[in-house]
Amino acid sequence: MQLDVYKKDGTLSGEKVALAPEIFEITPNDHAIYQAVTTYLANQRQGTHKTKTYGEVAGSGKKLWKQKHTGRARIGAVRSPLWKGGGTIFGPVPRDYSNQLPKKVKMLARKSALTYKAKDAAICVVEDFDFESPRTKEMAAVLNALKLTDKKALLLVGKSETNVWKSGRNIPKLKVLEAVKASTYDILNSKILVLQKSALEVLEKQFQ
Numbered sequence: 032m033q034l035d036v037y038k039k040d041g042t043l044s045g046e047k048v049a050l051a052p053e054i055f056e057i058t059p060n061d062h063a064i065y066q067a068v069t070t071y072l073a074n075q076r077q078g079t080h081k082t083k084t085y086g087e088v089a090g091s092g093k094k095l096w097k098q099k100h101t102g103r104a105r106i107g108a109v110r111s112p113l114w115k116g117g118g119t120i121f122g123p124v125p126r127d128y129s130n131q132l133p134k135k136v137k138m139l140a141r142k143s144a145l146t147y148k149a150k151d152a153a154i155c156v157v158e159d160f161d162f163e164s165p166r167t168k169e170m171a172a173v174l175n176a177l178k179l180t181d182k183k184a185l186l187l188v189g190k191s192e193t194n195v196w197k198s199g200r201n202i203p204k205l206k207v208l209e210a211v212k213a214s215t216y217d218i219l220n221s222k223i224l225v226l227q228k229s230a231l232e233v234l235e236k237q238f239q
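Residue numbers (the numbering used here): 32 to 239.
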């Protein structure tokens, strides 16, 4: 599959690039994608949730009244889970949600996601560009020239471009990442994948 390369002003550069079939034209593995996405989302969880149990809430442990012959329900202490302000029964406690996938499964999931983007004609290749200083207005102009203003886009760059990243971080529907750091979730969570030429080369080297 060959794609036209655009300039940042939205015009064609006259150059074409070929998408590697072993990356962009494989048979997608939906289960690998499922595993990669669920693992990614699980790894984003802090796991710091916590509620106080009977032994942790403030209050006396003294029995409020005798067990029988009062006409009232039997009760232990004010910390009872049955009372307002009491401890929580089987409440959440801090835990680690992180998980890991085998390297081959992660690679297969990413290639499957890239293949889906290629099949949906949702890949745009642009020449490498940078800004002299962080300018959201300039990045917005690039997206407008490429007719991507209203689309949720993921821009992959070949290497760390601080000015490009800072220029795009305030645009709600745009995310800028280095190609090596783009996860399966990031790829699938965008409507259009914008690749700088150098990013395409990085992807091809990464999957070799």
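Don't be surprised by glycine CBs; every beta carbon is placed ideally from N, CA and C.
Bear in mind the structure is a predicted one, so any value in this text is a computation, not a measurement.
Cβ shell of residue i (< 7 Å), same chain only, five flanking positions each side left out
i: residue 169; result: 162, 198
i: residue 231; result: 48, 156
i: residue 144; result: 64, 215, 218, 219
i: residue 55; result: 32, 145, 146, 149
Cβ separation of residue i and residue j, assumed to be a contact under 8 Å, to the nearest whole Å
i: residue 41; j: residue 176; result: 3 Å
i: residue 224; j: residue 148; result: 5 Å
i: residue 167; j: residue 201; result: 5 Å
i: residue 211; j: residue 239; result: Their Cβ separation, rounded to whole angstroms, is 13 Å, which puts residue 211 and residue 239 out of contact at 8 Å.
Contact set for residue i: own chain, Cβ-Cβ below 8 Å, skip 5 residues either direction
i: residue 208; result: 185, 186, 187, 188, 217
i: residue 37; result: 43, 44, 155, 156, 157, 158, 177
Cβ-based neighbour list, residue i, same chain, cut-off 6 Å, excluding 5 preceding and 5 following
i: residue 206; result: 185
i: residue 229; result: 159, 189
i: residue 92; result: 108
i: residue 130; result: 70, 73
Span of the alpha helix (DSSP H) around residue i
i: residue 134; result: 134-150
i: residue 236; result: 228-237
i: residue 169; result: 167-176
i: residue 188; result: It is not in any alpha helix (DSSP H) - residue 188 instead sits in the beta strand (DSSP E) that spans 184-188.
i: residue 72; result: 61-74
i: residue 198; result: 193-199
Residue closest to residue i, alpha-carbon to alpha-carbon, out of the options
i: residue 244; options: 43, 81, 166; result: Nothing about residue 244 can be reported from this structure: the residues present for the chain run from 32 to 239 only.
i: residue 64; options: 125, 146, 50, 123; result: 146
i: residue 116; options: 221, 137, 83; result: 83
i: residue 125; options: 135, 59, 165, 76; result: 76
i: residue 134; options: 51, 66, 204; result: 66
i: residue 234; options: 96, 50, 34; result: 50
i: residue 110; options: 61, 85, 183; result: 85
Span of the beta strand (DSSP E), counted from its first residue to its last, around residue i
i: residue 209; result: 205-209
i: residue 163; result: It is not in any beta strand (DSSP E) - residue 163 carries neither H nor E in the DSSP assignment.
i: residue 37; result: 33-37
i: residue 43; result: 43-49
Proximity test, residue i beta-carbon vs the ligand NAD heavy atom, cut-off 6 Å
i: residue 66; result: Judged by which ligands are present, the structure shown has none, so any question about the ligand NAD falls away.
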